[in-house]
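In this note's numbering, the protein residues as written are 1265 to 1993. The structure appears right after this line, and notes come after that.
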DNA sequence: GCAATTTACTTTTTT
DNA sequence: AGTAAATTGC
């Protein structure tokens, strides 16, 4: 195997295959390269690919790495076990579920499901939500679970006013998850620990299987992840973790930076390799990033350097307000696209909170610059989508009470709160789930016959589909159950902008199922639901799309762009403060550092003197992080001094791609409608549901291509061309 | 039990 | 400002 293109430290990280290894990989130091080469190297040393376990932070990172490895070593890569902690252990749990009192078709509760379960418990315990905030309880429970604290040990570890109540709710919460044959995200890490600790044979099996373990983004692992790694690597001791303590940004999710700081102590005889040469950024960008991160007290000593040129100075831009900030960035992008031959995909606009995206969207639409947003309201968390998924979940897991409660009266079948509380009584008496309890409802006095019938016909409907699940293909099955529920009809008849949107989303869901079964022919409904729950927005982000990327600083971790804008650098926003809690300042600084180090060629740090929050304008002061930046690497700009030499018309011409001048960096977009004509900005189109309209904006390529269409009735819609089936007029 | 209207709350970041 | 929850009237 040729390792010639690696530097000395990288080579060492790749070839030190025996025993524990910690690779402290500075930003842009070739971390992914090292991981992929290390795996390829292991296989070249006659190690069976099926014996390698590689854990990543996102599914996207896993898929990309697998692809790169396949390019290096071919189809052997298919035998690797790669994925996020959550998805990898979710799969193991499907196999081993009976050993810990679950079934292989257990449900995974996302944070919304888990919150609604907590609300149900509060209600049943007669605790007012004004007295105890369910969200607070949820985060307390999750924090405890991330630290591997069981309900029994709860109060011993936390002291506070309602902690005794939280303990009782936590106990009940775990009890009900078990009764529902469901696990939350935290359980996907905790249950494997329980499994391994109580079943030594199972632990041995996986220790033997996974002789070589690799972990990416180790700085963001939590206590249970650490413990899982400890258990699994205990046989072979061959564990290699890669991370950068300066980029640890998930403390709020339970990540414990001590895992990486203490690695060499926890895993005896661990080798430490430092990757300190940065290949990504200019000296200016690195200078800015370094001068800020230096203020953090807790970190592994390292010296990040680069042979890259000094490059442009980093711009610090003072703006009047958030709209001005958005307009400035939009113009800057336009100018750079014209003068420096950048294309939309070379830009990223980063912000601390998702809510900040709106003003950028507005400006980019006006400037006819294609963009794509990562995050926000996720598709699979939308109400109508989750409702359909709840039907599917209940089908394969009849114990799933949360799914049952979601859909028992949606669409409306005359079953209200009173009827449900009757059923709850039956379920309690018989120690069954709500769905199972319907079988016994006839025996009960005091329940209206009509209501009994309503429940029973719901049960029969679900049973009917359960009986035929094998006879259909996955997408036919989902399609027919959606028809049975009749929600498409309901949304269409309601005929409001909102309901038509929901209609489109259901269509998109059907298409997603279709696509899933096409690319995974032997996977089942359980697999689909599993994937859908554990997928993140960044996993879906098509970086091949030629559009400006808008996302949070958190989502940007692990990515790189030629031009980066870090926006909203104001006290209270970045660093973000919720209360007077200054404890997380170092983490906010790391977040700023992560943002800076995404940039390859240019970086602009902006702040606004006034910012709209909750509809009101608030005066802002610039972030302390800006003041921490070494002046030698920056130039200052503000809106008052702004003058443009570029003519408006020319900007519009080039960016919209409309005129005859063909610009190499602005691709022409193909239409995915039946006619396959060229769709451009300004094209008149027809949509089945929304009627006629004009294309205002285009983004993305191929399957992920999107258009913003302004319809005649005066509203705008973001449409996936693949699904929307627009007709060109 | 349901739809329409009013009110409350949101903004941390995500598997 | 925009959405979800809560309340009201039918």
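Glycine included, each C-beta is placed from N, C-alpha and C at the ideal position.
Given residue i as reference, the closest of the options once Cα atoms are compared
i: residue 1377; options: 1698, 1814, 1449 and 1334; result: 1449
i: residue 1902; options: 1880, 1870, 1885 and 1875; result: 1870
i: residue 1638; options: 1647, 1622 and 1653; result: 1622
i: residue 1725; options: 1748, 1735 and 1713; result: 1748
i: residue 1356; options: 1803, 1282, 1458 and 1751; result: 1458
i: residue 1391; options: 1432, 1373, 1370 and 1417; result: 1432
i: residue 1826; options: 1601, 1366, 1440 and 1780; result: 1601
i: residue 1541; options: 1273, 1643, 1362 and 1881; result: 1273
i: residue 1480; options: 1798, 1466 and 1504; result: 1504
i: residue 1793; options: 1568, 1860 and 1370; result: 1370
i: residue 1799; options: 1349, 1673, 1379 and 1683; result: 1349
i: residue 1466; options: 1360, 1877, 1892 and 1716; result: 1360
i: residue 1351; options: 1552, 1727, 1324 and 1569; result: 1324
i: residue 1631; options: 1619, 1771 and 1590; result: 1590
i: residue 1293; options: 1523, 1619 and 1275; result: 1275
i: residue 1577; options: 1283, 1864 and 1950; result: 1864
i: residue 1646; options: 1695, 1685, 1762 and 1682; result: 1762
i: residue 1532; options: 1539, 1549 and 1498; result: 1498
Cβ-based neighbour list, residue i, same chain, cut-off 6 Å, excluding 5 preceding and 5 following
i: residue 1326; result: 1320, 1346 and 1347
i: residue 1649; result: 1769 and 1773
i: residue 1295; result: 1289 and 1506
i: residue 1934; result: Model confidence at residue 1934 stands at a pLDDT of 28, short of 50, so the residue's coordinates are unreliable; what they give is reported in the following sentence. If we look at residue 1934 and ignore the five residues flanking it on each side, it has no Cβ neighbours.
i: residue 1412; result: 1487 and 1488
C-alpha gap between residue i and residue j, whole angstroms
i: residue 1906; j: residue 1336; result: Its pLDDT being 41, under 50, residue 1906 is placed unreliably by the model, and nothing is read from it.
i: residue 1839; j: residue 1700; result: 50 Å
i: residue 1888; j: residue 1834; result: 8 Å
i: residue 1916; j: residue 1393; result: Bear in mind that a pLDDT of 45 at residue 1916, under 50, signals an unreliable position, so the model cannot answer this.
i: residue 1535; j: residue 1492; result: 20 Å
i: residue 1656; j: residue 1529; result: 47 Å
i: residue 1815; j: residue 1397; result: 29 Å
i: residue 1585; j: residue 1616; result: 16 Å
i: residue 1298; j: residue 1500; result: 21 Å
i: residue 1317; j: residue 1580; result: 43 Å
i: residue 1660; j: residue 1697; result: 14 Å
i: residue 1554; j: residue 1596; result: 25 Å
i: residue 1307; j: residue 1654; result: 42 Å
i: residue 1384; j: residue 1764; result: 31 Å
i: residue 1563; j: residue 1509; result: 6 Å
i: residue 1693; j: residue 1719; result: 17 Å
i: residue 1269; j: residue 1858; result: 26 Å
i: residue 1959; j: residue 1454; result: 49 Å
i: residue 1409; j: residue 1485; result: 13 Å
i: residue 1418; j: residue 1777; result: 41 Å
i: residue 1460; j: residue 1471; result: 10 Å
i: residue 1668; j: residue 1331; result: 39 Å
i: residue 1751; j: residue 1573; result: 59 Å
i: residue 1545; j: residue 1266; result: 26 Å
i: residue 1496; j: residue 1880; result: 52 Å
i: residue 1430; j: residue 1704; result: 33 Å
i: residue 1687; j: residue 1702; result: 7 Å
i: residue 1381; j: residue 1389; result: 12 Å
Close beta carbons around residue i, own chain, < 7 Å, minus the five adjacent residues each side
i: residue 1279; result: 1305
i: residue 1730; result: 1659
i: residue 1820; result: 1612, 1614, 1858, 1859 and 1862
Close beta carbons around residue i, own chain, < 8 Å, minus the five adjacent residues each side
i: residue 1588; result: 1872 and 1903
i: residue 1788; result: 1738
i: residue 1515; result: 1521, 1848 and 1851
i: residue 1886; result: 1582, 1833, 1834, 1835 and 1871
i: residue 1593; result: 1613, 1624, 1627, 1829, 1831, 1868 and 1870
i: residue 1559; result: 1853 and 1892
DSSP bridge partner residues for residue i (one or two, in chain order)
i: residue 1371; result: 1446
i: residue 1327; result: Residue 1327 pairs with nothing; no bridge assigned.
i: residue 1827; result: 1611 and 1866
i: residue 1709; result: None, per the DSSP bridge assignment.
i: residue 1883; result: 1874
i: residue 1581; result: 1870 and 1901
i: residue 1289; result: 1539
Identify every run of the beta strand (DSSP E) within the segment 1833–1881, keeping only runs that are complete inside it and at least 3 residues long; order them along the chain.
Counting only runs of 3 or more, we get 1863–1877.
Complete runs of the alpha helix (DSSP H) confined to the segment 1752–1800 [at least 4 residues]:
Taking only runs of at least 4 residues, the alpha helix (DSSP H) segments lying wholly in the segment 1752–1800 are 1761–1783 and 1789–1798.
Residue ranges of each beta strand (DSSP E) run of no fewer than 3 residues wholly in the segment 1526–1564, ordered along the chain?
The segment 1526–1564 contains these whole beta strand (DSSP E) runs: 1535–1539.
Which runs of the alpha helix (DSSP H), 4 residues or longer, sit entirely within the segment 1300–1347?
If we require 4 residues or more, the alpha helix (DSSP H) runs fully inside the segment 1300–1347 come out as 1323–1337.
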